[in-house]
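Reviewing the structure listed below.
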Amino acid sequence: RPWKVIYVEFFDAKAEAIKKEKYLKTGIGREFIKNLILNN
Numbered sequence: 001r002p003w004k005v006i007y008v009e010f011f012d013a014k015a016e017a018i019k020k021e022k023y024l025k026t027g028i029g030r031e032f033i034k035n036l037i038l039n040n
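All residue numbers for the sequence shown refer to full-length UniProt numbering, where the first residue is 1 and numbers rise by one.
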């Protein structure tokens, strides 16, 4: 079964993307990802 894209985010600077990635790897960020997956 193919993957389904459920969330895309664009950044103007690499530093912003790295900051968001670090956030998503925290407990709160993982909850955010979990909610995205469960609601789609």
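The C-beta atom is built at its ideal place from N, Cα and C for all residues, glycine as well. On a predicted model such as this, the values are computed, not experimentally measured, just so you know.
Let's see if you can read the secondary structure: which residues bound the alpha helix (DSSP H) around I37?
That run of the alpha helix (DSSP H) goes G27 to L38.
Ordered along the chain, which non-local residues of its own chain (more than five positions away) have a Cβ less than 7 Å from that of V8?
Around V8: no qualifying Cβ.
How many Å lie between E21 and D12 at the Cα?
Straight-line Cα distance between these residues: approximately 14 Å.
Using the Cα positions of A17 and T26, report the straight-line distance between them to the nearest angstrom.
The alpha-carbon atoms of A17 and T26 are separated by roughly 15 Å.
Whole angstroms is fine: what's the gap from residue 53's alpha carbon to P2's?
A query on residue 53 cannot be resolved here, the shown segment of the chain reaching from 1 to 40 and no further.
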